[in-house]
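S.K.:
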Amino acid sequence: MSTSVLDLKTRILSSKARTTIQRADFNIAGDSVEFDTNSKTGRLIGNIKMVITDKSHLTATPSPKE
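In terms of the working numbering, the sequence shown is residues 10 to 75.
Here it is in structure tokens:
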């Protein structure tokens with residue numbers, strides 16, 4: 010995100026630039042982004058692409074029967 014705007018009244022950070030969020034287990038990108046600093050929630054808008062790099066936590070192993 011090269012440029013962004015923080016609305017001081019709503020505390021929402023927004024950018025119209027293509028934005029990528031990277032973590033150890035996934036990368037996700039979208040055409041624009043909004044992040045609410047109060048609720049700590051965000052949303053990517055338009056042409057979303059997500060790549061999951063570590064899916065081990067997504068597959069639950071069945072617990073052994075007693």
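Just so you know, even glycine gets a beta-carbon here, dropped at the ideal spot from N, CA and C.
Suppose you measure from the CA of E29 to the CA of A38; what does that come to, to the nearest Å?
M.R.: The sequence position of residue 29 within the sequence shown is 20, counting from 1. The sequence position of residue 38 within the sequence shown is 29, counting from 1. Correcting the residue identity first, residue 29 is Thr in this sequence and not Glu. So the alpha carbons of these two residues sit roughly 4 Å apart.
S.K.: Just the C-alpha distance for Q31 and S24, rounded to the nearest angstrom, thanks.
M.R.: Taking the first residue of the sequence shown as 1, we reach residue 31 at position 22. Taking the first residue of the sequence shown as 1, we reach residue 24 at position 15. About 17 Å.
S.K.: Put A51 into one of helix, strand or coil per three-state DSSP.
M.R.: On the sequence shown, residue 51 is found 42 positions in, with the first residue counted as 1. According to the sequence shown, residue 51 is Gly rather than Ala. In this structure, DSSP gives G51 an extended state, which the three-state scheme calls strand.
S.K.: Kindly identify the DSSP beta-bridge partner or partners of I21.
M.R.: Taking the sequence shown and counting its residues from 1, the one referred to as residue 21 is at position 12. According to DSSP, which records beta bridges pairwise, I21 is partnered with D16, D45.
S.K.: Closest by CA to V14, which one among F44, D40, D34, T50?
M.R.: Stepping through the sequence shown from its first residue, residue 14 is reached at position 5. Among F44, D40, D34, T50, the Cα nearest to that of V14 belongs to F44.
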